[in-house]
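Asks: Starting off with a structure, shown below.
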Amino acid sequence: MDFKDDATIDSDSIDSSAGGPGRGGGGKIALGGGAGVVVLILALIFGINPGDILGTDDGSQAAPTSTTSSTCHTGADADRDPTCRWAAYATSINQYWGEEISGYTKARTKPFSSSISTACGSATAEVGPFYCSGDKLVYLDTSFLSQLLEQLGTETSTAAEAYVIAHEYGHHAQDLLGTMAKAHASGNQTGAHSPSVRLELQADCYAGAYLKWAADNPDDLIENVTSSDITKIVNAAKAVGDDHIQQQSSGRVNQDAWTHGSSKMRVYWTQKGFNATSLKSCDTFSTNNLGD
Numbered sequence: 075m076d077f078k079d080d081a082t083i084d085s086d087s088i089d090s091s092a093g094g095p096g097r098g099g100g101g102k103i104a105l106g107g108g109a110g111v112v113v114l115i116l117a118l119i120f121g122i123n124p125g126d127i128l129g130t131d132d133g134s135q136a137a138p139t140s141t142t143s144s145t146c147h148t149g150a151d152a153d154r155d156p157t158c159r160w161a162a163y164a165t166s167i168n169q170y171w172g173e174e175i176s177g178y179t180k181a182r183t184k185p186f187s188s189s190i191s192t193a194c195g196s197a198t199a200e201v202g203p204f205y206c207s208g209d210k211l212v213y214l215d216t217s218f219l220s221q222l223l224e225q226l227g228t229e230t231s232t233a234a235e236a237y238v239i240a241h242e243y244g245h246h247a248q249d250l251l252g253t254m255a256k257a258h259a260s261g262n263q264t265g266a267h268s269p270s271v272r273l274e275l276q277a278d279c280y281a282g283a284y285l286k287w288a289a290d291n292p293d294d295l296i297e298n299v300t301s302s303d304i305t306k307i308v309n310a311a312k313a314v315g316d317d318h319i320q321q322q323s324s325g326r327v328n329q330d331a332w333t334h335g336s337s338k339m340r341v342y343w344t345q346k347g348f349n350a351t352s353l354k355s356c357d358t359f360s361t362n363n364l365g366d
């Protein structure tokens with residue numbers, strides 16, 4: 075997967091301010107990577123309220139990162155400076171959703187290091203990439219994301235990164251469409267067919283739909299999405315399945331504790347999105363077939 079040299083990067087797609095927005099609680103954290111699942115699994119095993127981990131602000135601030143959006147203007151800059159790729163992903167994904175949702179409001183990506191204060195509370199890098207509905211930001215520790223993918227047994231690549239970030243922007247779309255609020259109103263249930271799992275699988279489907287759009291769109295910033303890239307994307311989807319993470323963290327699989335879906339389910343919905351002709355195909359809330 076490459077970036078078009080002459081394509082424009084939206085520098086405003088990155089929030090490069092030094093600190094978080096202060097004490098929060100005004101939104102929900104949507105966990106979409108892998109470590110967030112680990113946090114919730116451990117919370118369920120040991121009887122801890124995940125809100126105690128994610129929902130209170132201890133005053134921590136974002137440490138400076140090497141991402142400087144002011145130097146990221148074109149795809150050529152992303153090839154020259156790897157830190158520009160985060161702005162490139164955000165630019166491309168926002169363009170996609172701008173075509174899909176009338177009156178779409180862009181989300182921004184907020185790179186940070188170690189820990190950060192958000193409108194949803196405080197979080198550390200170990201939570202993994204996440205979307206906060208309170209400030210409409212996608213947060214990620216860029217160094218930890220690479221470590222996370224490797225620890226979960228998949229290859230770090232631009233394709234895998236794009237899948238993870240597109241999943242988080244899928245949560246932003248759910249937020250704008252009201253899907254997230256409805257799922258959260260159903261309670262914090264867990265299990266293979268829970269509202270939480272359906273929300274995450276839909277975000278996977280949205281990520282697949284975006285990647286197909288990027289592969290086919292000659293005007294997009296991203297180009298040359300190859301069959302090898304698709305394999306890496308599928309492997310990333312497998313790596314962040316609840317069953318795979320549970321097996322790695324505890325040596326056993328407990329479907330009742332699932333919050334994101336199994337590897338098989340996540341691959342199924344990512345591929346379903348990639349093959350979809352419309353976003354109606356990503357309706358995980360009106361089907362009993364979740365790919366398990």
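In our numbering, each number is its position in the sequence shown, counted from 1, plus 74. The beta carbon of each residue, even a glycine, is placed where N, CA and C say it ideally should be.
Have a look at the DSSP bridge pairing and note the partners of ARG326.
Replies: Counting from 1 along the sequence shown, the entry for residue 326 is found at position 252. ARG326 pairs with nothing; no bridge assigned.
Asks: Could you pull the start and end residues of the alpha helix (DSSP H) that ALA197 belongs to?
Replies: Residue 197 sits at position 123 when you count from the first residue of the sequence shown. It is not in any alpha helix (DSSP H) - ALA197 instead sits in the beta strand (DSSP E) that spans 195-198.
Asks: Note the first and the last residue of the continuous beta strand (DSSP E) segment covering LEU386.
Replies: The structure shown does not extend to residue 386, since the chain is modelled only from 75 to 366, so the question has no answer here.
Asks: Rank PRO185, ASP303, TYR213 by C-alpha distance to the C-alpha of THR232 and give the top, closest one.
Replies: On the sequence shown, residue 232 is found 158 positions in, with the first residue counted as 1. Closest by alpha carbon: ASP303.
Asks: Looking at the secondary structure, which residues open and close the alpha helix (DSSP H) in which CYS206 lies?
Replies: For this step, residue 206 is matched to residue 132 along the sequence shown. It is not in any alpha helix (DSSP H) - CYS206 instead sits in the beta strand (DSSP E) that spans 204-206.
Asks: Hey, quick one: how far does the beta strand (DSSP E) through PRO185 stretch, first residue to last?
Replies: Your numbering for residue 185 matches position 111 in the sequence shown. That run of the beta strand (DSSP E) goes 182-185.
Asks: Would TYR163 pass as a contact of ALA236 if the rule is Cβ separation under 8 Å?
Replies: As a working mapping, residue 163 is identified with position 89 in the sequence shown. As a working mapping, residue 236 is identified with position 162 in the sequence shown. Yes.
Asks: Using the rule of at least 16 other Cβ atoms within 10 Å of the residue's Cβ for burial, across every protein chain shown, is ALA199 buried or exposed?
Replies: Within the sequence shown, numbered from 1, the residue matching residue 199 stands at position 125. So ALA199 ends up on the buried side.
Asks: Rounded to a whole number of angstroms, what is the C-alpha to C-alpha distance between GLU274 and ASN291?
Replies: The residue given as residue 274 occupies position 200 in the sequence shown. The residue given as residue 291 occupies position 217 in the sequence shown. In a straight line, the C-alpha of GLU274 is about 26 Å away from that of ASN291.
Asks: Can you give me the C-alpha to C-alpha distance between GLY125 and ALA240, rounded to a whole angstrom?
Replies: Taking the first residue of the sequence shown as position 1, residue 125 is located at position 51. Taking the first residue of the sequence shown as position 1, residue 240 is located at position 166. Per-residue confidence for GLY125 stands at a pLDDT of 42, beneath the threshold of 50, marking its modelled position as unreliable; the derived number appears in the next sentence. Taking the straight line joining both Cα atoms gives about 25 Å.
Asks: For the candidate residues PHE204, SER196, HIS246, SER207, whose alpha-carbon lies nearest to that of GLY172?
Replies: Within the sequence shown, numbered from 1, the residue matching residue 172 stands at position 98. GLY172 has its Cα closest to that of HIS246, out of PHE204, SER196, HIS246, SER207.
Asks: Excluding sequence positions up to five away, which residues of its chain have a Cβ less than 6 Å from the Cβ of ASP84?
Replies: In the sequence shown, counting from the first residue as 1, residue 84 sits at position 10. Same-chain partners within the cutoff: THR165.
Asks: Which residues mark the beginning and the end of the alpha helix (DSSP H) in which SER270 is found?
Replies: The sequence position of residue 270 within the sequence shown is 196, counting from 1. Counting along the chain, the alpha helix (DSSP H) containing SER270 begins and ends at 269-290.
Asks: Could you tell me the boundaries of the alpha helix (DSSP H) in which ILE175 lies?
Replies: Position 101 of the sequence shown, counting from 1, holds the residue named residue 175. Note, ILE175: premise wrong, no alpha helix (DSSP H); not H, not E.
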